[in-house]
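Numbering (the numbering used here), first residue to last: 280 to 443.
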């Protein structure tokens, strides 16, 4: 049986995450978002890209968590971005409920899953997910280092006028 990954948040980060998972045929993907029509549309776009790009996985979009049942991994990308003048404390308050709700739903529908957090501020959101889920520490993972390293390499390349 093929693995299943849920991606919570169908914005740029979530949609790209879903596309990469599908494109590498790592798992079937469920894309979840609170905005009606967005995860369904982006999920359909990714699914219809399969024959052209040469991958064969099921990609679905949903506004509720029932289709996510029995996911092996739940990636939480949902949240507000940091805006000019916004402190990390402001961001924490804005994203706390989003991560709390997503984690509660992950526990309800996929109690054996691994959680991967992308939502900022990352360390605090990982703590929220771990406290809410009661999962062991090795089942709640924050994804930051790779992104920060990629940004750093890009900025250096731009400054030096070379390709990454």
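Cβ atoms here follow ideal geometry from the backbone N, Cα and C, with glycine treated the same way.
Counted within 10 angstroms of its Cβ, other Cβ atoms place residue 357 as buried (16 or more) or exposed: Working through the chain shown from its first residue, we reach residue 357 at position 78. Result: buried.
Residue 408 beta carbon less than 9 Å from that of residue 419: Start at 1 with the first residue of the chain shown, and residue 419 comes out as number 140. Start at 1 with the first residue of the chain shown, and residue 408 comes out as number 129. Cβ atoms of residue 419 and residue 408: closer than 9 Å.
Close beta carbons around residue 315, own chain, < 7 Å, minus the five adjacent residues each side: Against the chain shown, residue 315 aligns to sequence position 36. Cβ neighbours of residue 315 beyond the five flanking positions: 342.
Inter-stretch contact at 8 Å, needing at least 3 Cβ pairs: the region 374-391 / the region 430-438: Segment contact: the region 374-391 against the region 430-438, fewer than three CB-CB distances shorter than 8 Å; contact not assigned.
DSSP state of residue 379 mapped onto helix, strand, coil: Residue numbering aside, residue 379 sits at position 100 when the chain shown is read from its first letter. If DSSP states are grouped into helix, strand and coil, residue 379 belongs with the helices.
Distance between residue 291 and residue 297 (C-alpha atoms, nearest Å): Taking the first residue of the chain shown as 1, we reach residue 297 at position 18. Taking the first residue of the chain shown as 1, we reach residue 291 at position 12. Those two C-alpha atoms are separated by around 10 Å.
For residue 354 and residue 313, believed in contact at Cβ under 8 Å, the rounded distance: Position 34 of the chain shown, counted from the start, is the residue given in the question as residue 313. Position 75 of the chain shown, counted from the start, is the residue given in the question as residue 354. Not a contact, Cβ separation roughly 16 Å.
CB-CB length for residue 401 against residue 373, believed under 8 Å: Indexing the chain shown from 1 puts residue 401 at position 122. Indexing the chain shown from 1 puts residue 373 at position 94. The Cβ separation is near 14 Å, so there is no contact.
Rounded C-alpha distance that separates residue 413 from residue 403: Against the chain shown, residue 413 aligns to sequence position 134. Against the chain shown, residue 403 aligns to sequence position 124. One C-alpha to the other measures close to 15 Å.
Own chain partners of residue 300 with C-beta closer than 7 Å, once the 5 adjacent residues on each side are dropped: Start at 1 with the first residue of the chain shown, and residue 300 comes out as number 21. Taken in chain order, the residues that qualify are 284, 306, 308.
For residue 328, the nearest candidate out of 415, 379, 441, 295 (CA to CA): Numbered from its first residue, the chain shown carries residue 328 at position 49. Per the Cα distances, 295.
Alpha carbon of residue 415 to alpha carbon of residue 383, nearest angstrom: Counting from one through the chain shown, the residue named residue 415 turns up at place 136. Counting from one through the chain shown, the residue named residue 383 turns up at place 104. Taking the straight line from one Cα to the other gives about 15 Å.
CA nearest to the CA of residue 367, picked from 348, 394, 399: Taking the chain shown and counting its residues from 1, one reaches residue 367 at position 88. When only C-alpha atoms are compared, the closest one is 399.
Which of helix, strand or coil DSSP assigns to residue 339: In the chain shown, the residue the question calls residue 339 occupies position 60. Residue 339: strand per DSSP, three-state reduction.
Residue 303 - containing beta strand (DSSP E), residue span: Locating residue 303 in the chain shown gives position 24, where the first residue counts as 1. Residue 303 -> no beta strand (DSSP E), and no H or E assigned at all.
C-alpha gap between residue 442 and residue 411, whole angstroms: Walking along the chain shown from the start, residue 442 turns up at place 163. Walking along the chain shown from the start, residue 411 turns up at place 132. If I take the Cα positions, the gap works out to 43 Å.
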